[in-house]
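Everything on this sheet refers to the single structure shown next.
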Amino acid sequence: MIFVQVIVGGLLLGAIYALFSSGLTLIWGMMNFINFAHGEFVMLGMYAALLVVTWLTGSPIVFGMAAALALFVLGVAIYFLLIRYVVRGPMLSQILSTFGLALLLRYTAFYVFSANFVSLPQTSLAGTLNLAGVYLPIAQLVAGAVAITLTIALHLLLTRTTVGSRLLAVAEDRSAAMLMGIRPDRMQALAWGLSAGAAGVAGALMATAYPWSPSVGETFGLIAFVTVALGGFGSVLGSLYAGLIIGLIQAASAFWLGAIYKDIVVYGLFVALLWLRPQGLMGKA
Amino acid sequence: MKRFPSPWIGLFLLAAGLLLFPIIFSGPFYRDIGVTFLLAAISASAWNIVGGYAGQVSVGHSMFFGLGAYTPLLFYTLWGWPPIAGIPVGIVLSVVLSVVIGLPTFRLSGHYFSMATIAVAELIRIYFGTWTLVGAAIGLQGPARGRGWWDLTFRSELPYYYMFLGVLALVLYITFAVERRRFGFYLRAIKASERAARSLGVQVRQTKLQAFALSAAFTSTAGSLYAAKTGFIDPDSGFGILVSVQMVIIAALGGAGTLFGPLVGALILIPLQSAVNTKFGGGGSGLTFIVYGGIIVLIARFEPGGLYELWQRLAPRLWKSAHAA
Amino acid sequence: MKRISLLVAGLALAAALCAAQAARAADPVKVGILWPLTGNAAAAGQASKAAIEVALDIINNAHPELGNLPLAATAGLPNLGGAKLEVVFVDHEGNPSTAQQLATRLITQDKVNVLMGAYQSSCSFTATAVAERYGVPFMVGESSALNITSRGFKWTFRATPIATDYARTYMRFFADMKREGKKIDSIAIVNENTDYGTSVGDAIVAEAKKANLPVAIRIPYSASSTDVSAEVLQLKQKQPDVVIFISYTADAILYMKTIKNLDYKAPMIIGDDTGFSDPSFIPAVADIAQGVMNRSAWDIGKPGSTTYKINEMYKAKTGRDLDDTSARNMQSFFALADAINRAGSTDAEKIRDALTKTDLKPDQIMMGYQGVKFDETGQNILASTYLIQLSGKKYDLVWPDTAANGKLQWPMGSGAH
Numbered sequence: 001m002i003f004v005q006v007i008v009g010g011l012l013l014g015a016i017y018a019l020f021s022s023g024l025t026l027i028w029g030m031m032n033f034i035n036f037a038h039g040e041f042v043m044l045g046m047y048a049a050l051l052v053v054t055w056l057t058g059s060p061i062v063f064g065m066a067a068a069l070a071l072f073v074l075g076v077a078i079y080f081l082l083i084r085y086v087v088r089g090p091m092l093s094q095i096l097s098t099f100g101l102a103l104l105l106r107y108t109a110f111y112v113f114s115a116n117f118v119s120l121p122q123t124s125l126a127g128t129l130n131l132a133g134v135y136l137p138i139a140q141l142v143a144g145a146v147a148i149t150l151t152i153a154l155h156l157l158l159t160r161t162t163v164g165s166r167l168l169a170v171a172e173d174r175s176a177a178m179l180m181g182i183r184p185d186r187m188q189a190l191a192w193g194l195s196a197g198a199a200g201v202a203g204a205l206m207a208t209a210y211p212w213s214p215s216v217g218e219t220f221g222l223i224a225f226v227t228v229a230l231g232g233f234g235s236v237l238g239s240l241y242a243g244l245i246i247g248l249i250q251a252a253s254a255f256w257l258g259a260i261y262k263d264i265v266v267y268g269l270f271v272a273l274l275w276l277r278p279q280g281l282m283g284k285a
Numbered sequence: 001m002k003r004f005p006s007p008w009i010g011l012f013l014l015a016a017g018l019l020l021f022p023i024i025f026s027g028p029f030y031r032d033i034g035v036t037f038l039l040a041a042i043s044a045s046a047w048n049i050v051g052g053y054a055g056q057v058s059v060g061h062s063m064f065f066g067l068g069a070y071t072p073l074l075f076y077t078l079w080g081w082p083p084i085a086g087i088p089v090g091i092v093l094s095v096v097l098s099v100v101i102g103l104p105t106f107r108l109s110g111h112y113f114s115m116a117t118i119a120v121a122e123l124i125r126i127y128f129g130t131w132t133l134v135g136a137a138i139g140l141q142g143p144a145r146g147r148g149w150w151d152l153t154f155r156s157e158l159p160y161y162y163m164f165l166g167v168l169a170l171v172l173y174i175t176f177a178v179e180r181r182r183f184g185f186y187l188r189a190i191k192a193s194e195r196a197a198r199s200l201g202v203q204v205r206q207t208k209l210q211a212f213a214l215s216a217a218f219t220s221t222a223g224s225l226y227a228a229k230t231g232f233i234d235p236d237s238g239f240g241i242l243v244s245v246q247m248v249i250i251a252a253l254g255g256a257g258t259l260f261g262p263l264v265g266a267l268i269l270i271p272l273q274s275a276v277n278t279k280f281g282g283g284g285s286g287l288t289f290i291v292y293g294g295i296i297v298l299i300a301r302f303e304p305g306g307l308y309e310l311w312q313r314l315a316p317r318l319w320k321s322a323h324a325a
Numbered sequence: 001m002k003r004i005s006l007l008v009a010g011l012a013l014a015a016a017l018c019a020a021q022a023a024r025a026a027d028p029v030k031v032g033i034l035w036p037l038t039g040n041a042a043a044a045g046q047a048s049k050a051a052i053e054v055a056l057d058i059i060n061n062a063h064p065e066l067g068n069l070p071l072a073a074t075a076g077l078p079n080l081g082g083a084k085l086e087v088v089f090v091d092h093e094g095n096p097s098t099a100q101q102l103a104t105r106l107i108t109q110d111k112v113n114v115l116m117g118a119y120q121s122s123c124s125f126t127a128t129a130v131a132e133r134y135g136v137p138f139m140v141g142e143s144s145a146l147n148i149t150s151r152g153f154k155w156t157f158r159a160t161p162i163a164t165d166y167a168r169t170y171m172r173f174f175a176d177m178k179r180e181g182k183k184i185d186s187i188a189i190v191n192e193n194t195d196y197g198t199s200v201g202d203a204i205v206a207e208a209k210k211a212n213l214p215v216a217i218r219i220p221y222s223a224s225s226t227d228v229s230a231e232v233l234q235l236k237q238k239q240p241d242v243v244i245f246i247s248y249t250a251d252a253i254l255y256m257k258t259i260k261n262l263d264y265k266a267p268m269i270i271g272d273d274t275g276f277s278d279p280s281f282i283p284a285v286a287d288i289a290q291g292v293m294n295r296s297a298w299d300i301g302k303p304g305s306t307t308y309k310i311n312e313m314y315k316a317k318t319g320r321d322l323d324d325t326s327a328r329n330m331q332s333f334f335a336l337a338d339a340i341n342r343a344g345s346t347d348a349e350k351i352r353d354a355l356t357k358t359d360l361k362p363d364q365i366m367m368g369y370q371g372v373k374f375d376e377t378g379q380n381i382l383a384s385t386y387l388i389q390l391s392g393k394k395y396d397l398v399w400p401d402t403a404a405n406g407k408l409q410w411p412m413g414s415g416a417h
């Protein structure tokens, strides 16, 4: 029974990992660019949720969408103001740009929201289900379900819609896409918006169940990297499977090895992955 | 038209300035800033070898810094040995680590390599936090009072200052020597295009490993010096990500891949950090890091070559306009 | 005529001399305080800063309503001609090297007379070493690492209890409970894994061994964990009779919620202050954490008492109740000020001497200690702590019996609430 509980817990959290990693993998696949500030997008999504709940309404749908929208706009803005210029530049400036961005976002959040840990006041998602001895907190259950749905939705957006195929075209071959009349700039901006938006929603979903402070972005960022590495750079479906697997591995190692070892296992896995199979489960090499 | 002044004059002025600084600014606080500056310059210059010249952006260099910082204090704590004995051991361990990490990860390009280095450094940091032998989360302390010069525990900042200055001169000299030799050309070729370099016969993998090892050795030394001066180390101050990030930022600000870039970066950033903390800290608003982040974004966006490149572009124009007509 | 003008001149001269004397004596005494005002521990640093500002008000202005609290009734430090205390706050950002540099700055540039700080043990280690070098008294508030006061330093003092004190308090409490027939066959320790959690966890393990109390499981974890279900499931498996949590705020709240979600019914949960005493803990989890115990050396007390009034002053300033950590820092500050006053001078040796002779009685302090008296390592040997229990929306003092104002419920949640 405890065994099942561990697995279920891991999968629910893993679903959220999948959601916020899907954005990172999209950017990566499209532009061969790593966003070291990705974890901060998740963190900002959590604060967006907090602001909505404090000033408007506690409805999860509203604050979820608000987080998605706010972060989408931020993602697009960041693309046009910064990323567009550094993406063709030297590796150092690419890495520096998003690192600097991460610091800027994180410490601005510290300045505005203070260092105190906060959590959402009880929303309509309170309570726990008990299914044959396995406890399913409703907030986490809903968060997990929504996360999986949105990740699949993103995957479908990319593979089944015109917009999606345009995005993938730019990822595949930028010049060819331009020749076909697709504007890479716009597509990349859109990708950034989607990436940030997905991270924002993931943050809002996590906010329903977990407390946070401006410093949580760092851990989420690293988890996103691991998930993307496992799932394959560029594959949203890959990050779905990978997120679930990472969540599972984390929960299992925390339970059987000890809580402090769970991160060691995850990072160790990461390094092993980069070494043995850099393209991950489903990525292009 | 007058000739552009010889760079030797600039070098002489710099050396004189660095040598005389603690004599002119004899207050312990200013000397402490000087020591902190030197340490940052050493670390950033060490990183520069592999990150600036060879273009392999490691954001996990704290793994070497931490090893170099822990070994002297560990030997002192376990066996009462003078910390100075730990310095060469730290260097050896760091070099070994650099090869162990480098072999698999140098196969990866660009971003992947950076991420791998972050992950390894984090892994080591977390592990040290659980390892009782090295003090776990509490960390290790150095001698409270020096039993002799080999304990590297001095009451005044002056010995530290000149010791660090010596090490900085060494790192810069070696970087200079590397710059002029074939090895340096190989590094730059690899940075420009690995494929092209390989096609020209450069042993890319070997060269990268050598640069990484050299860089690791000096970074480890910087870590040991830090431990000697602060008298304390714990997983965060040794292996934390901000340690790695600071090295990268300082080198990039001044100009990564240039000899004096890291030094210039440190010269600006370290006093700036102190000044911002003095002015705004205590008010507790975290402005220091917002400023930090902002500066980095601006460098990345507008002047990736750092201040050095900016100076290269502006100096001839300034010189010309100053001597026009 | 001449005699009168001579007299007037003489009086004028005397007045001028007195004024000069008073002006000199009233030079403020400077205290340098190093805290994390930004970074992860900023919340604690800021809360303590506000507490010190209240303390400054109490010392520098006359507050006769605060009873025997030293220096409250008078304005300024009486033995130094009414000189005021002035604090220079610096932010070490949680970085031990910065703490070292700032301590140097405070001593050599700002010329402070005494130092206090630094919250994180790593920063206290380096800052106290600087103070030792320059011969400046350093009052450590809130750093839990044991060996801060065991390095043979003369200038370091710590007025707060340390990990071994807490561990022994818990063991004494368990002994009392066992005598009353409660079942305590094994305990579990869940500690966050930085210096705070590790120090206290280690101390409890050591004391439990001495008391022959088996530790069913020890779970170190990272305070910034998102999810702690695995840890709670481990507890569910081991079924200890008491679980002691050594946590910061977010993780304390997370544990309470996860315990509720996974329906883990622990007979007794004890939180080791810090997270459990944070002002945001009760509002977040009061409904689900009824009966959780906590330790605190600070109790607000009944309306009209000195502690109540102090809390009101703090609340007026920050909108929140004074928390244990900030209260302990405040108490350390009072002890420091009292020593400076008894020294009657800003001379470092005299202040140090006065500190070693400190002997504050229970009615002179705001905390529940048995007093403030430093041993030769600089540690307060009379520091002690109460145990409190969450009942409704506040903590009741339930142990020791002599100070209790509420009835202890064991197991948790078994009482009328």
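Residue numbers (my numbering), protein chains in the order written: chain A, 1 to 285; chain B, 1 to 325; chain C, 1 to 417.
Heads up, the beta-carbon is just placed ideally off N, CA and C, and yes, glycines get one too.
Interface residues of chain C facing residue i [CB-CB closer than 8 Å]
{"i": "Ser-237/B", "result": "Asn-95, Pro-96, Ser-97 and Ser-122"}
{"i": "Asp-151/B", "result": "Result: empty, since nearest Cβ-Cβ is about 13 Å, beyond 8 Å."}
{"i": "Thr-36/B", "result": "Ser-97 and Gln-101"}
Through-space distance from residue j to residue i, alpha-carbon basis
{"i": "Ile-288/C", "j": "Leu-38/B", "result": "54 Å"}
{"i": "Met-268/C", "j": "Asp-185/C", "result": "12 Å"}
{"i": "Ile-300/C", "j": "Ala-327/C", "result": "10 Å"}
{"i": "Val-121/C", "j": "Ala-145/C", "result": "In the sequence on display, residue 121/C carries Ser and not Val. Those two C-alpha atoms are separated by around 6 Å."}
{"i": "Phe-289/B", "j": "Thr-258/B", "result": "26 Å"}
{"i": "Phe-25/B", "j": "Asp-353/C", "result": "34 Å"}
{"i": "Ala-216/B", "j": "Asp-195/C", "result": "28 Å"}
{"i": "Gly-231/B", "j": "Arg-105/C", "result": "18 Å"}
{"i": "Gln-21/C", "j": "Ala-83/C", "result": "At Gln-21/C the pLDDT is 49, less than 50, meaning the model places this residue with poor confidence; the figure from the coordinates comes in the next sentence. Going from the Cα of Gln-21/C to the Cα of Ala-83/C covers about 12 Å."}
{"i": "Gly-261/B", "j": "Ile-49/B", "result": "11 Å"}
{"i": "Ile-152/A", "j": "Ser-114/B", "result": "29 Å"}
Sequence-distant residues of its chain with Cβ nearer than 7 Å to residue i (five each side left out)
{"i": "Glu-309/B", "result": "Gly-255 and Glu-303"}
{"i": "Phe-333/C", "result": "Ile-52, Ala-55 and Met-116"}
{"i": "Pro-411/C", "result": "Pro-267 and Met-268"}
Closer than 7 Å at the beta carbon, the chain A residues around residue i
{"i": "Ile-290/B", "result": "Leu-104, Tyr-107, Thr-108 and Tyr-111"}
{"i": "Tyr-221/C", "result": "Ala-259 and Ile-260"}
Beta-carbon contacts of residue i that lie in its chain and below 8 Å, excluding the five residues immediately before and after
{"i": "Pro-184/A", "result": "Val-170, Arg-174, Ala-177 and Met-178"}
{"i": "Phe-154/B", "result": "Gly-146 and Tyr-160"}
8 Å Cβ cut-off: residues of chain B touching residue i
{"i": "Pro-211/A", "result": "Within chain B, no residue comes near Pro-211/A; the closest Cβ sits about 20 Å away, beyond 8 Å."}
{"i": "Ala-50/C", "result": "Those within 8 Å of Ala-50/C in chain B number zero; the least Cβ separation is about 11 Å."}
Cutoff 6 Å; reference residue i; Cβ partners in own chain excluding five residues on either side
{"i": "Gln-140/A", "result": "Leu-12 and Ala-209"}
{"i": "Phe-138/C", "result": "Leu-115, Thr-128, Ala-131, Trp-155 and Thr-156"}
{"i": "Ala-70/A", "result": "Ala-48"}
Any C-beta of chain F under 8 Å from that of residue i
{"i": "Asn-48/B", "result": "Of the protein chains in the structure, A, B and C, none is chain F."}
Cross-chain neighbours of residue i in chain B, by beta carbon under 9 Å
{"i": "Phe-3/A", "result": "Result: empty, since nearest Cβ-Cβ is about 25 Å, beyond 9 Å."}
Contacts that residue i makes with chain C (C-beta to C-beta distance below 7 Å)
{"i": "Phe-255/A", "result": "Ala-230, Leu-233 and Gln-234"}
Inter-residue CB distance, residue i and residue j (contact presumed, cutoff 8 Å)
{"i": "Ser-244/B", "j": "His-111/B", "result": "At roughly 15 Å, the Cβ-Cβ gap does not stay under 8 Å, so Ser-244/B and His-111/B are not in contact."}
{"i": "Arg-218/C", "j": "Ile-189/C", "result": "5 Å"}
Inset, instruction - Check distances from the C-beta atoms of the segment 121-137 of chain B to those of chain A and list, in chain order, the residues that come in under 8 Å. - result: Glu-122, Leu-123, Ile-126, Tyr-127, Gly-129 and Thr-130
Legend entry - Under 7 Å (Cβ pairs) to chain B, residues found in the segment 261-281 of chain A: Asp-263, Ile-264, Tyr-267, Gly-268, Phe-270, Val-271, Leu-274, Trp-275 and Pro-278
Inset, instruction - Report the residues of the segment 294-307 of chain B with a CB closer than 8 Å to any CB of chain C, ordered along the chain. - result: none
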